[in-house]
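Enquirer: The structure's right below; bear with me while I get my questions together.
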Amino acid sequence: MFFNDIETIPIFKEAMLLVTSYGSKYNGELHPSVLDVADEIRLPWNPEYDLWHNFWFRSTLQPKVFLDQMSLLEYFMRQENVWAIVPVSVAYHLKEISNIEIHYIKDAPPDRFIYYLVKESNKQEIIDKFLDLLNEKLLKIKGLESLIK
Numbered sequence: 000m001f002f003n004d005i006e007t008i009p010i011f012k013e014a015m016l017l018v019t020s021y022g023s024k025y026n027g028e029l030h031p032s033v034l035d036v037a038d039e040i041r042l043p044w045n046p047e048y049d050l051w052h053n054f055w056f057r058s059t060l061q062p063k064v065f066l067d068q069m070s071l072l073e074y075f076m077r078q079e080n081v082w083a084i085v086p087v088s089v090a091y092h093l094k095e096i097s098n099i100e101i102h103y104i105k106d107a108p109p110d111r112f113i114y115y116l117v118k119e120s121n122k123q124e125i126i127d128k129f130l131d132l133l134n135e136k137l138l139k140i141k142g143l144e145s146l147i148k
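Here numbering that gives the first Met the number 0 is used: position 63 in the sequence shown is 62, and no number is missing along the way.
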């Protein structure tokens, strides 16, 4: 859908990382070709990620589990030898609350971009203050690149 008076602006981007259960058979920086889909906890991030995933793992292969709610990821990461590909902010948050390992991926998926929508407004001063505060928060998140100017 397109509206002339609404602008879509990238707010931040972040890399995608591999998270594995603690002590899993997956170690170090890994290439997608060494990952077994039968061990995957699959989450749908965006269309670009799905294209990357289908290239490396074919859409016909079934993961261990397909989640549509990230809140369940922590529970499933307790299983032996499981893995998931998640944005960097999710990876570091999971590391704080659970016993997982974080790995870089060779031939990684494209970065994830998050956008904000802004309508032409006479409240630009309030919008700018909000974006300044948001930028302060974003700059504190490890591995996340703020695109706010």
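We put the CB at the ideal spot given by N, CA and C, even for glycine.
#1: For F75 and Y25, I'd like the C-alpha separation in whole angstroms.
#2: List, from N- to C-terminal side, the beta strand (DSSP E) runs of 3 residues or more that fit wholly inside the region 28-111.
#3: Kindly indicate which three-state DSSP category I10 falls into: helix, strand or coil?
#4: Return the CA-CA distance between A37 and K63, expressed in angstroms with no decimal places.
#5: Is it buried or exposed for S20, if we count other Cβ within 10 angstroms and need 16 for buried?
#6: Quick check on P86: buried or exposed, where buried means 16 or more other Cβ atoms within 10 Å of its Cβ?
#7: Alpha carbon to alpha carbon, what distance is there between W51 and D67?
#8: Over the uninterrupted alpha helix (DSSP H) stretch that includes E135, give me the two end residues.
#9: Could you work out which residue in K128, S120, N134 is closest to D4 when comparing CA atoms only?
#10: In this structure, what does DSSP give as the bridge partners for S20?
#11: Reducing DSSP to helix, strand and coil, say where I147 ends up.
Expert: Let's see:
#1: Indexing the sequence shown from 1 puts residue 75 at position 76. Indexing the sequence shown from 1 puts residue 25 at position 26. When rounded, the distance between both Cα atoms is 16 Å.
#2: Segments of the beta strand (DSSP E) lying fully in the region 28-111: 82-86, 99-102.
#3: Translated into the one-based positions of the sequence shown, residue 10 becomes position 11. DSSP places I10 in strand when its eight states are reduced to three.
#4: Counting from 1 along the sequence shown, the entry for residue 37 is found at position 38. Counting from 1 along the sequence shown, the entry for residue 63 is found at position 64. Taking the straight line from one Cα to the other gives about 5 Å.
#5: The residue labelled residue 20 in the question sits at position 21 within the sequence shown. Its Cβ being crowded by 16 or more others within 10 Å, S20 is buried.
#6: In the sequence shown, counting from the first residue as 1, residue 86 sits at position 87. Buried is the call here.
#7: Counted from its first residue, the sequence shown places residue 67 at position 68. Counted from its first residue, the sequence shown places residue 51 at position 52. Roughly 18 Å between the two C-alpha positions.
#8: Translated into the one-based positions of the sequence shown, residue 135 becomes position 136. It spans 123-137 - the alpha helix (DSSP H) in which E135 sits, taken as one unbroken run.
#9: Position 5 of the sequence shown, counted from the first residue, corresponds to residue 4. Closest by alpha carbon: S120.
#10: Indexing the sequence shown from 1 puts residue 20 at position 21. Paired residue(s): I99.
#11: As a position in the sequence shown, residue 147 is number 148, starting the count at 1. Under the three-state reduction of DSSP output, I147 falls in the coil class, being neither helix nor strand.
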